[in-house]
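Chemist: Residue numbers (the working numbering), protein chains in the order written: chain Z, 30 to 143; chain U, 3 to 115. Heads up, the beta-carbon is just placed ideally off N, CA and C, and yes, glycines get one too. For clarity, every value in this text was computed on a predicted model and none was experimentally measured.
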Amino acid sequence: AQSVTQLGSHVSVSEGALVLLRCNYSSSVPPYLFWYVQYPNQGLQLLLKYTSAATLVKGINGFEAEFKKSETSFHLTKPSAHMSDAAEYFCAVSENSGGFKTIFGAGTRLFVKA
Amino acid sequence: DAGVTQSPTHLIKTRGQHVTLRCSPISGHKSVSWYQQVLGQGPQFIFQYYEKEERGRGNFPDRFSARQFPNYSSELNVNALLLGDSALYLCASSFATPGYGYTFGSGTRLTVV
């Protein structure tokens with residue numbers, strides 16, 4: 030069964046600094062991997078997805094993530110944090126096993142300091 | 003284009019009551035999934051429906067049930083509400099391929115008192 034582990038429930042960076050949010054997954058078949066962002070009192074919005082094409086995936090708002098099979102990781106990065114990036118970020122894994130379900134990690138809250 | 007719409011946005015129920023939550027997917031999306039998100043946690047998978055059939059079920063008790071209608075809208079029903087059912091219930095629609103990703107609604111905030 031698939032699972033997702035997000036390292037660090039809270040991450041704090043200064044505005045303009047590198048953002049790095051960590052995600053490790055477990056899947057018995059080649060996975061589909063996603064990052065979602067959630068702002069307060071809202072649903073989740075898809076940032077980017079990996080679907081076995083390029084291992085470096087670019088998403089919206091300047092975010093990107095790299096799929097590393099050997100490390101079973103899919104870390105999210107952004108070169109320069111902006112105040113508007115402050116939100117909750119969720120890593121998710123999905124696999125096709127007769128119907129499919131997407132499993133989400135516990136989330137990482139990103140704080141951006143001025 | 004309309005996004006995923008959920009109703010109601012907020013709901014307060016008493017323990018033991020029943021609740022029905024509704025979801026309309028994006029036009030063209032035939033798959034609807036339901037998630038429960040307790041404050042401070044990630045979304046927990048409840049159900050996935052495609053073409054009116056259940057395609058996946060999470061680790062939730064039988065008090066939780068759902069269905070999908072011919073127009074692809076969906077209802078989530080919860081019977082015999084418990085205090086622990088208080089959460090944000092999210093509906094997500096997608097094409098029926100695991101690599102497509104979801105479009106989420108804004109959710110229904112259920113409070114059980």
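Does the distance from the CB of residue 139 (chain Z) to the CB of residue 36 (chain Z) come in under 8 Å?
Modeler: Taking 8 Å as the Cβ cut-off, residue 139 (chain Z) and residue 36 (chain Z) do not qualify as a contacting pair.
Chemist: For the beta strand (DSSP E) containing residue 73 (chain U), name the first residue and the last one.
Modeler: Segment: none, residue 73 (chain U) is in no beta strand (DSSP E) and carries neither H nor E.
Chemist: Counting along the chain, where does the beta strand (DSSP E) carrying residue 113 (chain U) start and finish?
Modeler: The continuous beta strand (DSSP E) containing residue 113 (chain U) extends over residues 110-114.
Chemist: Roughly how many angstroms lie between the CA atoms of residue 2 (chain U) and residue 38 (chain U), to the nearest whole one?
Modeler: The requested residue 2 (chain U) does not occur in the structure, where chain U is confined to residues 3 to 115.
Chemist: Between residue 75 (chain Z) and chain U, is there a C-beta pair that is closer than 8 Å?
Modeler: yes
Chemist: Thinking C-beta only, is residue 34 (chain U) closer than 8 Å to residue 95 (chain U)?
Modeler: yes
Chemist: Whose CA, out of U:101, U:73 and U:65, lies closest to the CA of residue 86 (chain U)?
Modeler: U:65
Chemist: Do residue 47 (chain U) and residue 132 (chain Z) come within 8 Å of each other at the CB atom, strictly closer than that value?
Modeler: yes
Chemist: Run through the DSSP bridge pairs and tell me what residue 15 (chain U) is partnered with.
Modeler: U:114
Chemist: May I ask you to verify whether the region 70-80 of chain Z touches the region 93-106 of chain Z, counting CB pairs closer than 8 Å and requiring at least 3?
Modeler: A contact exists between the region 70-80 of chain Z and the region 93-106 of chain Z.
Chemist: Would you mind reading off the limits of the beta strand (DSSP E) that contains residue 30 (chain Z)?
Modeler: No beta strand (DSSP E) contains residue 30 (chain Z), which DSSP labels as neither H nor E.
Chemist: Quick check: residue 91 (chain U) and residue 75 (chain Z), are their CB atoms within less than 8 Å of each other?
Modeler: Not closer than 8 Å, so no.
Chemist: Going by CA-CA distance only, name the one from U:80, U:98 and U:84 that's closest to residue 23 (chain U).
Modeler: For the set U:80, U:98 and U:84, the Cα lying nearest the Cα of residue 23 (chain U) is the one of U:80.
Chemist: So residue 14 (chain U) and residue 113 (chain U) are supposed to be a Cβ contact under 8 Å. How far apart are they, rounded?
Modeler: 5 Å
Chemist: Residues in the region 103-114 of chain U with C-beta within 9 Å of chain Z's C-beta atoms, listed in sequence order?
Modeler: 103, 104, 105, 106, 107, 108, 109 and 111
Chemist: Given a cut-off of 8 Å on the beta-carbon distance, is the pair residue 68 (chain U) and residue 84 (chain U) in contact?
Modeler: Going by C-beta atoms, residue 68 (chain U) is not nearer than 8 Å to residue 84 (chain U).
Chemist: Specify, as a first and last residue, the run of the beta strand (DSSP E) that residue 56 (chain U) falls within.
Modeler: 55-59
Chemist: With a cut-off of 8 Å on the beta carbons, I'd call residue 141 (chain Z) and residue 112 (chain Z) a contact; round off their distance for me.
Modeler: 5 Å
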